[in-house]
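Notes follow the structure.
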Amino acid sequence: MDRLFGLLRPPAARSLPKGLTSATVDLVAGVLREAEGEVSASDVAERSGVSRVTARRYLEHLCADGRAELRMRYGSAGRPEHLYRWVA
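Rendered as structure tokens:
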């Protein structure tokens, strides 16, 4: 049933994973595109007005789509920092 209704949606809406919207993809992509160099999900969240978790989900989508690139920065202790940059 979902597939049948999916055929009625515009092509752009079908290409996004469930739960993501094109408006927020455009917002996050715009922040990433305008950033000078690499930024973290927290930076993107602050600049776009979305939560850090939401920013990270959209950044991961942009990476999977080939429009952004992820680099891990390892410190002396703790978790590595995820840094994103626009590549498209």
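Here the working numbering is used: the sequence shown runs in plain steps of one and ends on residue 97. Glycine is no exception: its CB is placed at the ideal position from the N, C-alpha and C atoms. As the structure is a prediction and not an experimental result, all values here were calculated from the model.
query, result
"Exposed or buried, R65, counting other C-beta atoms within 10 Å across all chains shown (16 or more means buried)?", "buried"
"If we count the other Cβ atoms within 10 Å of its Cβ and call it buried at 16 or more, is A77 buried or exposed?", "buried"
"At a cut of 8 Å, does the region 31-42 reach the region 55-73 through at least three beta carbon pairs?", "yes"
"What number of angstroms, rounded off, separates the C-alpha of W95 from the C-alpha of M81?", "15 Å"
"Go ahead and pull the three-state DSSP assignment for A77.", "strand"
"Rounding to the nearest angstrom, what Cα-Cα distance links H91 and V53 in this structure?", "12 Å"
"Among G39, S49, P26, which one has its Cα closest to the Cα of P89?", "S49"
"Along the beta strand (DSSP E) that carries E90, what are the first and last residues, could you check?", "90-95"
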